[in-house]
Amino acid sequence: MPRNENGAAVNANILVGIDGSMAALDAAAWAAREAEWRKVSVRLVHIIDPREAEIDFGPWSQHRILKHLEFNAVDLLAEAQQQIAAMCPEVVVETSSMVGRPLQMLIALSREALMTVVGTSRAETQAPPMPGRLRCP
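Sequential numbering from -18 applies to the sequence shown in the working numbering.
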């Protein structure tokens, strides 16, 4: 079993951040081919940023917005999972969504992954620098 820099065992999976963009679907496709070659699984994650629900339209608005984002996450993950199943049917795919700060959550989750894959495009100039902060063996 692979180990991280501290000697702790890591899961034999490729972590993929899914945000609904075409770049994220491209990243999932790349990860699927890599997972097929390495004989490992793919873990698709969608992280819901709670700051997206901070608009206040009344006492229940934040809860409703978060619920909407959670339902949306299920659809986004299902789309990526279906894409992988069509391309690489032998690859096992796990999906999960969680609430948190996306960059910090991906960094934390990367500690348990064989590698981490995220999509980007040249038009996305606001993306924070991530590669040097991810923790993969």
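Just so you know, even glycine gets a beta-carbon here, dropped at the ideal spot from N, CA and C. Since the structure is predicted, the reported quantities are computational estimates derived from the model, not experimental observations.
Residue i in three-state terms, based on DSSP
{"i": "S2", "result": "coil"}
{"i": "I46", "result": "helix"}
{"i": "T106", "result": "Confidence at T106 is low in this model, with a pLDDT of 47, below 50, so its placement is unreliable and no value can be given for it."}
{"i": "L(-4)", "result": "strand"}
8 Å Cβ cutoff, residue i in contact with chain C
{"i": "R14", "result": "Absent here is chain C; the protein component of the structure consists of one chain."}
Per-residue burial, residue i [other beta carbons within 10 Å of its own, 16 or more giving buried]
{"i": "I36", "result": "exposed"}
{"i": "M96", "result": "buried"}
{"i": "R14", "result": "exposed"}
{"i": "V55", "result": "exposed"}
{"i": "H44", "result": "exposed"}
{"i": "A119", "result": "Past the edges of the chain, shown from -18 to 118, lies residue 119, and the structure says nothing about it."}
{"i": "R24", "result": "buried"}
{"i": "H49", "result": "exposed"}
Cβ separation of residue i and residue j, assumed to be a contact under 8 Å, to the nearest whole Å
{"i": "V21", "j": "A(-7)", "result": "4 Å"}
{"i": "L87", "j": "G(-2)", "result": "5 Å"}
{"i": "I(-5)", "j": "V98", "result": "6 Å"}
{"i": "A16", "j": "A61", "result": "At roughly 13 Å, the Cβ-Cβ gap does not stay under 8 Å, so A16 and A61 are not in contact."}
{"i": "P83", "j": "I28", "result": "4 Å"}
{"i": "L6", "j": "Q85", "result": "L6 to Q85, Cβ: 23 Å. No contact."}
{"i": "T101", "j": "A4", "result": "6 Å"}
Residue i Cβ short of 7 Å to the ligand ATP heavy atom set
{"i": "D30", "result": "The model on display carries no ligand, and the ligand ATP is accordingly not part of it."}
> Quick check: the region 56 to 72 against the region 83 to 95, are there 3 or more CB pairs under 8 Å?
Replying inline: Short answer: they don't touch.
> For the region 8 to 87, which segments carrying the alpha helix (DSSP H) assignment without a break, of at least 4 residues, lie completely within its bounds, in sequence order?
Replying inline: 42 to 68
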